[in-house]
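Comments concern the structure below.
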Amino acid sequence: MRKRIFAVALVLILGMFCMSCGTKAPQRNTGKIKIGVTIYDQYDTFLTQLMECFVKEVGTEAELVVFNASQSQQTQNSQVKKMIEDGCDVICVNLVDRTDPTTVIDAAKKADVPIIFFNRELVEGDIGRWNRLFYVGADAAQSGTMEGELAADLCCRDTGVDKNGDGKIQYVVLEGEAGHQDAIVRCEYSVDALVRAGVEVDRLGSAIANWNRAQAQTKTTQFIESNNGIELVMSNNDDMALGAIDAYEASGIDRDNWPVFFGIDGTDVGLAAVRDGLLSGTVYNDKEGQAGAMSRLALTLARGGSIEDIADEYDVTEGKYIRLPYAKVTLENVEEYLGR
Ligand code: GAL
Ligand code: CA
33 MRKRIFAVAL
43 VLILGMFCMS
53 CGTKAPQRNT
63 GKIKIGVTIY
73 DQYDTFLTQL
83 MECFVKEVGT
93 EAELVVFNAS
103 QSQQTQNSQV
113 KKMIEDGCDV
123 ICVNLVDRTD
133 PTTVIDAAKK
143 ADVPIIFFNR
153 ELVEGDIGRW
163 NRLFYVGADA
173 AQSGTMEGEL
183 AADLCCRDTG
193 VDKNGDGKIQ
203 YVVLEGEAGH
213 QDAIVRCEYS
223 VDALVRAGVE
233 VDRLGSAIAN
243 WNRAQAQTKT
253 TQFIESNNGI
263 ELVMSNNDDM
273 ALGAIDAYEA
283 SGIDRDNWPV
293 FFGIDGTDVG
303 LAAVRDGLLS
313 GTVYNDKEGQ
323 AGAMSRLALT
333 LARGGSIEDI
343 ADEYDVTEGK
353 YIRLPYAKVT
363 LENVEEYLGR
């Protein structure tokens, strides 16, 4: 229900912006700054919340046009071309296919409009193709490591996690999207951190659920049907962890026999689940920080400045990247994050 409200809210925001931009003649660098944004899928919970922060950050400093690419790179390519034609001074791109930014880059370069890619990281070779291409995001490895450490802490502290008492933790992994940098890296680093902390593990399986709660519920139901000895669910994001919890809720299995669940993002629903003791921990994906960096960089570039102008506020690497740090969230500190 809540998810639907976010989606509806974003659709409304998108509608408002599209209406406001449709009535103005294309113009560049004259009058108000114009920022274009395209996101890969407006139904993604984390991105919806990141965009809410971005809208707030930009405030009245610029005119915003926000498009939903609906998971189609072709649609996104056309949106970028349209934003360039409409006189956007800078464009923020949440790539649908992170391996296929060529059309976007070529169009931007030709029109000399800088691009800030965000959240879905393009490969190094591509970002190096022009000096006005940037990336704002976070360090995927850090999120995976933190998630693994949170799980390890609990396993070491609470012997009850090892339900069958065999000295090993039977676990499954819920993976985000195939080929997404965060999914690939989080899967690897979370389990590595768990093992490094001395926890003996026994992998029962893994499944791709595309960051999606409903898909994760389906995949977890299949896990439960084929093997109900799962003690830990390690999920690449909160929505999928919540989908796994939905599956246990629907299964009728007594709560005492549920595994423990870990996620990443600290979305509103994720934090609420930590507060309610359903999710044992999450890793905060700093949407406020990322939205702030995108907004600062976009406005700076639009005013003719460079990324170096904000290097005292943000950690800028290779003159192109700004990565905001993640943070661990458990019942002990969840209140701090709920209030953001
Ligand atoms: C990740 C986030 C996921 C999903 C994905 C989309 O950083 O943890 O929940 O939003 O980005 O690219
Ligand atoms: Ca066990």
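Positions in the sequence shown are counted from 1; adding 32 to them yields my numbering. Using N, Cα and C, we set each Cβ at its ideal position, and we do this for glycine too. Given the structure is predicted, the values throughout are model-derived calculations rather than measurements.
Quick check on DSSP: helix, strand or coil for residue i?
i	result
leucine 310	coil
leucine 363	coil
arginine 287	helix
aspartate 73	coil
arginine 328	helix
valine 193	helix
glycine 275	helix
arginine 355	strand
cysteine 188	helix
lysine 64	coil
How would you write the range of the beta strand (DSSP E) that residue i sits in, first residue to last?
i	result
isoleucine 339	Premise fails: isoleucine 339 is in no beta strand (DSSP E) and is neither H nor E.
valine 98	94 to 100
valine 122	122 to 125
At what residues does the alpha helix (DSSP H) containing residue i begin and finish?
i	result
valine 90	77 to 90
lysine 251	245 to 258
threonine 107	105 to 117
glutamate 156	156 to 159
valine 136	134 to 143
In the DSSP assignment, what residue or residues form a beta bridge with residue i?
i	result
cysteine 219	Looking at the DSSP assignment, cysteine 219 forms no beta bridge with any residue, so it has no partner.
aspartate 234	Gln202
methionine 266	Val205 and Phe294
glycine 169	Arg355
alanine 305	Its beta-bridge partners do not exist; DSSP assigns none.
alanine 239	Leu206
threonine 349	Tyr353
With distances taken from CA atoms, which of the options is nearest residue i?
i	options	result
threonine 177	Asp278, Gly298, Cys188 and Ala359	Ala359
cysteine 85	Ser338, Asp347, Arg355 and Gln322	Gln322
serine 222	Leu356, Ala184, Ala334 and Ala276	Ala184
leucine 96	Lys200, Gln202, Glu181 and Ser327	Ser327
glutamine 105	Val87, Arg130 and Thr92	Arg130
isoleucine 296	Ala215, Val155 and Val227	Ala215
Examine chain D for any beta-carbon lying closer than 8 Å to the beta-carbon of residue i, and answer yes or no.
i	result
aspartate 344	No chain D is part of this structure, which consists of one protein chain only.
The segment 206 to 216 / the segment 255 to 273 touching (three or more Cβ pairs under 8 Å) = yes
Are there three or more Cβ pairs, one per stretch, closer than 8 Å when the segment 301 to 309 is compared with the segment 360 to 371?
-> yes
Counting pairs of beta carbons, one from the segment 215 to 233 and one from the segment 191 to 205, are three or more of them closer than 8 Å?
-> yes
Could you tell me whether the segment 106 to 119 touches the segment 338 to 352, using the rule of 3 or more Cβ pairs below 8 Å?
-> no
Is the segment 328 to 337 touching the segment 276 to 296, taking contact as three or more C-beta pairs under 8 Å?
-> no
Could you tell me whether the segment 190 to 197 touches the segment 143 to 153, using the rule of 3 or more Cβ pairs below 8 Å?
-> no
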